[in-house]
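First to last, the protein sequences are chains Y and U. Each residue of the first sequence is one higher than the one before, starting from 88 at the first, in our numbering. Each residue of the second sequence is one higher than the one before, starting from 88 at the first, in our numbering. The beta carbon of each residue, even a glycine, is placed where N, CA and C say it ideally should be. Below is one structure; the comments refer to it alone.
Number of protein chains: 2
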Amino acid sequence: MSEVKATNITWHEGHVSRDEREKLLGQKGCLIWFTGLSGSGKSTIAFTVEHELVREGRLAYVLDGDNIRHGLNKNLGFSAEDRAENIRRIGEVGKLFVDLGAITMTAFISPYLADRDAARALLDDGQFIEVFVDVPLESCEERDPKGLYKKARAGEIKGFTGIDDPYEAPKNPELVIKNGECTPQQAAAQVIDYLKSRGLVRS
Amino acid sequence: MSEVKATNITWHEGHVSRDEREKLLGQKGCLIWFTGLSGSGKSTIAFTVEHELVREGRLAYVLDGDNIRHGLNKNLGFSAEDRAENIRRIGEVGKLFVDLGAITMTAFISPYLADRDAARALLDDGQFIEVFVDVPLESCEERDPKGLYKKARAGEIKGFTGIDDPYEAPKNPELVIKNGECTPQQAAAQVIDYLKSRGLVRS
């Protein structure tokens with residue numbers, strides 16, 4: 088599905104630059120890409136970061152399964168091809184949000200290196216921040232907040248990451264969060280400190 | 088392609104409401120959907136509105152062929168199915184932008200009533216503003232800024248709106264702009280006046 092068909096169209100910047108919107112917002116658009124096993128706490132951390140940033144007057148937004156799988160990607164299933172297309176579309180929407188100037192977060196397992204690298208390649212240097220939420224499979228399975236591991240072990244869900252489908256850990260993520268060893272607030276603080284250290288939001 | 092496959096997922100609001108982001112931005116998110124023939128001036132008007140709003144300190148963004156067809160929808164062609172999917176995805180992305188709180192504009196021919204109505208149905212009452220850029224075919228063809236009508240008449244482009252594919256004019260658009268009879272600045276002022284009259288941006 089990612090074959091290029093629309094080739095007779097040229098790109099232009101539009102009349103307002105990202106720079107002007109970023110000045111207006113007092114921040115720099117970026118795409119914080121959380122990746123990790125189901126149950127590792129990606130969404131919880133992302134929403135905690137969003138909450139804290141908005142409290143500080145920054146514009147932040149989380150793309151996750153709830154607002155993406157119900158809408159833009161509701162016509163995609165869980166085949167290998169559809170999973171790749173799922174992540175591709177999320178990367179492209181993330182790019183648009185970054186162009187708007189938003190601190191954008193994605194919270195998807197996104198288990199494959201190649202798919203995440205393709206998303207990274209859409210953004211400029213420094214705009215893509217890969218955050219590996221590193222929690223051992225055993226801990227995720229023990230938590231099992233949605234009962235999905237149980238179903239996967241029972242064979243009711245096929246191709247479940249960590250059980251019968253691989254998770255490819257990031258090789259050089261911008262951040263690693265050992266979420267088994269800290270609270271969501273501590274994890275969120277780690278992300279926000281990173282954003283401030285890079286000048287993406289004001290200290 | 089718009090069959091619903093991902094049904095085992097539930098929607099939740101996230102931790103920050105649209106309302107909080109709108110308060111932060113001092114505006115209300117909305118989707119201004121420009122529709123009209125090729126060459127009617129949709130993009131020019133949209134970018135003029137964007138420019139003026141950003142000058143007033145508002146966050147506005149235009150989704151158009153350039154940033155969508157090169158990215159999110161680059162794997163779609165021009166078959167009937169792909170055209171519908173093109174507009175469907177644009178509507179869904181527009182909805183996400185509205186949820187972020189942005190004054191969002193789309194500038195696509197979007198010739199079919201059903202596709203535009205499907206986009207309208209994604210948004211809440213008052214969030215979807217259909218703007219019919221009403222310019223006679225003869226004027227658009229005379230302008231022909233990209234030389235597309237010439238190619239369509241020569242049979243080099245098939246299924247071109249207004250030539251060998253229908254344009255279904257909106258029945259009850261929020262705004263009609265007679266763009267043959269005004270400047271882009273006047274057209275943009277019409278749109279911004281509407282936004283202010285509805286309290287979507289401050290007067």
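- A Cβ of chain U is located within less than 7 Å of the beta carbon of TYR148(Y).
- In this chain, the beta strand (DSSP E) harbouring ILE216(Y) covers 215-220.
- When the five nearest sequence neighbours on each side are left out, the beta carbons in the same chain lying within less than 8 Å of the beta carbon of GLY188(U) are those of ARG105, ARG108, GLU109, LEU111, LEU112, GLN114, LYS115, GLY116 and LEU146, in order along the chain.
- Between ALA256(Y) and PHE247(Y), the beta carbon gap of about 17 Å keeps them out of contact (Cβ cut-off 8 Å).
- Under a criterion of Cβ atoms nearer than 8 Å, the residues of chain U adjacent to LYS182(Y) are, in order, GLY158.
- For VAL141(U), the enclosing alpha helix (DSSP H) covers residues 129-142.
- With the criterion set as a beta carbon lying under 9 Å from some beta carbon of chain Y, the region 260-290 of chain U has no members that meet it.
- Rounded to the nearest angstrom, the gap between the Cα atoms of LYS283(U) and HIS138(U) is 16 Å.
- Chain-ordered, the chain Y residues with CB closer than 8 Å to the CB of GLY144(U) read LEU111.
- Look at VAL141(Y): its C-beta is under 7 Å from a C-beta on chain U.
- When C-alpha distances from ASN266(Y) are compared across GLY123(Y), VAL103(Y) and HIS102(Y), the shortest belongs to GLY123(Y).
- For ALA167(U), the enclosing alpha helix (DSSP H) has its first and last residue at 167-187.
- Residue range 224-230 is occupied by the alpha helix (DSSP H) that includes CYS227(U).
- Residue nearest to PRO260(Y) within the set LEU200(Y), LEU224(Y) and LEU210(Y) is LEU200(Y) (criterion: CA-CA distance).
- When 9 Å is used as the limit between beta carbons, ARG108(Y) is near these residues of chain U: VAL141, LEU146, ALA147 and TYR148, in chain order.
- Looking at the backbone, the Cα of GLU225(U) and that of GLY286(Y) are separated by about 52 Å.
- Boundaries of the beta strand (DSSP E) harbouring TYR148(Y): 147-151, taken from the DSSP string.
- Put simply, the backbone Cα of ALA194(Y) is about 30 Å away from that of ASP204(U).
- The contact set of ALA189(U) on chain Y, defined by CB atoms closer than 8 Å, consists of LEU187 in chain order.
- Each residue's CA atom was taken as its position, placing GLU228(Y) and TYR236(Y) some 6 Å apart.
- LEU140(Y) has its alpha-carbon roughly 11 Å from the corresponding atom of ARG289(Y).
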